[in-house]
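Q: I am attaching a structure below and will ask some questions about it afterwards.
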Amino acid sequence: MSQTLNVHVRVNDAETGQPTPVRIRFGGPNGEYLPPLGRSAAFPVGRNEDVGGHVYLNQKRYAYIDGTCEVALPSGLPLEIEICKGPGYLPVQETTVLGEGQLTLRYSMRRWTDEKWDRLTAADSRCHFLTPHSARLDAAAEGLHLVNLLATVQDYPSPDGHMYRVTPNITAFSGQSEAIEGVYVNTFNVHAALGRLGLLHCHRAVYPLTAGHIDETDDWSLADWADQCHRKKGLVVWCDAYRPESGLPGGEALVNAILGKIDVIEIDAHDRPSSFLPLWYRLLNVGVQLPIVGGSGKDSNRVAIGGVRTLTLAESSRTYRDWINAVRHGQTVVTNAPFVQLSVAGRPFVSGIARETDAPLRVLAEAASVVPFERLEVIANGTVAASTKPTVRKLPIADVWTATLDAELPLPDGGWVAARCWGTTKSDLYPHIPVFAHTSPFFVLNAGRTTRAPEAVAALRREIEAVQHWIETEGRFSNPRRKEQLLSNCAAALGRL
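According to my numbering, the sequence shown holds residues 118 to 614 in order.
Structure representation (structure tokens):
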């Protein structure tokens, strides 16, 4: 006869023997979720609804724990246990049956990565609505070193009948300092029609946080936010690029990217109506040197923090300033599971080189993952220049898919080069999009020559002209000089194409 027992669970890091934060699920004999004590079996999954501490993935509910918990479990019945700690650790999946009077369960999480991959810093460029404490726990459980928690304006319908405009986490703003270990609170600045920016590493918040909504004018632009962010030693991230909810296609964010006012563009973990890569490649193909950064964009319990993440090389430390500098210089990889790097002349994470020769350029791309992928590719000026399939390396603790691609690239007119890997498998860890990883590009300048793809130039000109039209016909400006400045920026961007 089964009885319910309060079982003490401990999950250790195999290297240290100490408890380590993880994402964990206890499944009952009928597949039901059995939460740790103090957690709810049912929790909301809407935007800004009790975000953090638990997550709903693959139609399953999980809890984040610090490595220990108690949970009420039935004895004598099969229980499904799932434990994860990000793509650098082997997941634990097992069926167990508690013996009569058994009050403990013990597990270990093991790394599969070697020194090459262990020296990378993993960070999430953007999440919202978690408390800093929840962000720290969730991040550690998903194998992240750093998290950017961005305060954003949210309308809150109160039971008293009023709609209040609130900004969760603005009082926790920390800028360049930690709000709590590994968590940095900055701002997410939104214009209703012109685009969205994440402003990171600012020594003070950049206000206003919104513009262009029904009760606001369009006097404040993305360029104003970007310029203030840079004066405050911050990093400007183009978020939600080319999403319908962000307003005009490209919008003023595109204008600012061409003018060099935006540092990086973000790939996040949410579904997209259209593919991101062709739109980004189009910018690169006209000479806009725009690296990528990866963030979950987590704003509900339907997305795992770090579901898409940024990898940078940790030379000697993993400080926030180191990470910001690496991102600013385009020394990044965006991934939802695989580890990838691209080396030139034996140097990984190169952002650009100038040459006085037309000789082929030799590059080395490498990838490794415990989640199967199908191709590793080197991309030159938007097309696949070299490609290979992975091989499966059987280690004592796991099967690891690895690939190496040593390629010589003829780049007589220079351009850009990047590495990517992809597959059709949807990871159990991050199920929203198939497995992928992509490096930021490095740019090759051959004897000062540059090339621009005519079709890309034409498409971008149309988008900037649409922004000009919106400014002239729909923009609501109380200060005519603000309108003139926006139009001047558009003209300047067109002049660079």
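We put the CB at the ideal spot given by N, CA and C, even for glycine.
Just so we're clear, the structure is a prediction, and the values are computed from it rather than from any experiment.
For residue 219, which residues in the same chain have their Cβ closer than 8 Å to its Cβ, ignoring the five residues on either side in sequence?
A: 122, 124, 192.
Q: What do you reckon, are the CB atoms on residue 455 and residue 538 nearer than 7 Å?
A: Cβ distance < 7 Å, so residue 455 and residue 538 count as in contact.
Q: Output the distance between the C-alpha atoms of residue 586 and residue 385, rounded to the nearest integer angstrom.
A: Taking the straight line from one Cα to the other gives about 29 Å.
Q: Could you work out which residue in 341, 181, 519 is closest to residue 154 when comparing CA atoms only?
A: Nearest of 341, 181, 519 to residue 154, Cα basis: 181.
Q: Do residue 503 and residue 495 have their CB atoms nearer than 7 Å?
A: Taking 7 Å as the Cβ cut-off, residue 503 and residue 495 qualify as a contacting pair.
Q: Please say whether residue 346 and residue 383 have beta carbons closer to each other than 7 Å?
A: No, the pair does not count as a contact, with Cβ atoms beyond the cut-off.
Q: May I ask you to report which of helix, strand or coil DSSP gives residue 312?
A: Three-state result, residue 312: strand.
Q: Where does the unbroken beta strand (DSSP E) through residue 199 begin, and where does it stop?
A: Here the beta strand (DSSP E) through residue 199 covers 195 to 201.
Q: What are the partner residues of residue 494, as DSSP defines its beta bridges?
A: Bridge partners of residue 494: 504, 537.
Q: At what residue ranges does the region 444 to 477 contain a whole run of the beta strand (DSSP E), taking only runs of 3 or more?
A: Taking only runs of at least 3 residues, the beta strand (DSSP E) segments lying wholly in the region 444 to 477 are 450 to 452, 456 to 461, 469 to 472.
Q: Can residue 577 and residue 588 be called in contact, C-beta distance under 7 Å?
A: Against a cut-off of 7 Å, the Cβ pair of residue 588 and residue 577 comes out as no contact.
Q: According to DSSP, what are the bridge partners of residue 236?
A: BP columns for residue 236 are empty, so no partner.
Q: Just the C-alpha distance for residue 530 and residue 375, rounded to the nearest angstrom, thanks.
A: Taking the straight line from one Cα to the other gives about 21 Å.
Q: With DSSP as the reference, please indicate the residues paired to residue 525 in a beta bridge.
A: Looking at the DSSP assignment, residue 525 forms a beta bridge with 479.
Q: Which residue from 185, 206, 217, 187 puts its Cα closest to that of residue 194?
A: Considering only alpha carbons, the answer is 217.
Q: Express the C-alpha separation of residue 427 and residue 201 in angstroms, rounding to a whole number.
A: Using only the alpha carbons, I get a separation of about 19 Å.
Q: In the DSSP output, which residue or residues are listed as bridge partners for residue 123?
A: 189, per the DSSP bridge assignment.
Q: If we ignore side chains and look at the alpha-carbon of each, how far apart do residue 360 and residue 393 end up?
A: Between residue 360 and residue 393, the C-alpha separation is close to 10 Å.
Q: Would the beta-carbon of residue 306 fall within 7 Å of that of residue 316?
A: Contact flag set, yes.
Q: Can the beta-carbon of residue 110 be found closer than 7 Å to that of residue 282?
A: For residue 110 there is no data in the structure shown, the boundaries of the chain being 118 and 614.
Q: Pull up the DSSP beta-bridge partners for residue 140, would you.
A: DSSP, once it has assigned bridges, lists 181, 201 as partnering residue 140.
Q: Could you tell me if residue 598 is buried or exposed, where buried requires 16 or more neighbouring beta carbons within 10 angstroms of its beta carbon?
A: Residue 598 is exposed by the Cβ-count criterion.
Q: How many Å lie between residue 415 and residue 422 at the Cα?
A: Taking the straight line joining both Cα atoms gives about 6 Å.
Q: Do residue 252 and residue 300 have their beta-carbon atoms positioned less than 7 Å apart in this structure?
A: Yes, they are a contact pair.
Q: For residue 204, I'd like the list of residues in its chain whose CB is within less than 6 Å of its CB, leaving aside the five on either flank, ordered along the chain.
A: 454, listed in sequence order.
Q: Could you please give the first and the last residue of the uninterrupted alpha helix (DSSP H) stretch that includes residue 574?
A: Run containing residue 574: 571 to 590, per the alpha helix (DSSP H) assignment.
Q: Quick check: what's the CA-CA separation for residue 237 versus residue 431?
A: About 5 Å.
Q: Report all residues from its chain with a CB closer than 7 Å to the CB of residue 611; omit the five preceding and five following residues, and keep chain order.
A: Correct list, in chain order: 578, 581.
Q: Quick check on the DSSP output: what are the complete beta strand (DSSP E) runs of length 3 or more inside the region 213 to 263, in order along the chain?
A: Within the region 213 to 263, the complete beta strand (DSSP E) runs of at least 3 residues are 221 to 226, 237 to 244.
Q: Would you mind sorting residue 172 into buried or exposed? The rule is 16 or more other CB atoms within 10 Å of its CB.
A: Classification for residue 172: buried.
Q: Look up residue 368 in the DSSP assignment and say whether it is helix, strand or coil.
A: It is helical.
Q: How is the alpha helix (DSSP H) around residue 393 delimited, first residue to last?
A: It spans 393 to 401 - the alpha helix (DSSP H) in which residue 393 sits, taken as one unbroken run.
Q: Based on the DSSP secondary-structure assignment, which residues constitute the bridge partners of residue 511?
A: Looking at the DSSP assignment, residue 511 forms a beta bridge with 516.
Q: Around the Cβ of residue 120, are there at least 16 other Cβ atoms within 10 angstroms (buried) or fewer (exposed)?
A: Exposed: under 16 other Cβ atoms inside 10 Å.
Q: With a CB to CB cut of under 8 Å and the five nearest residues on each side skipped, what residues in its chain are close to residue 298?
A: So the qualifying residues of the chain are 253.
Q: So residue 162 packs on residue 419, CB below 8 Å; how close in whole Å?
A: Rounded, the Cβ-Cβ distance is 5 Å, consistent with contact.
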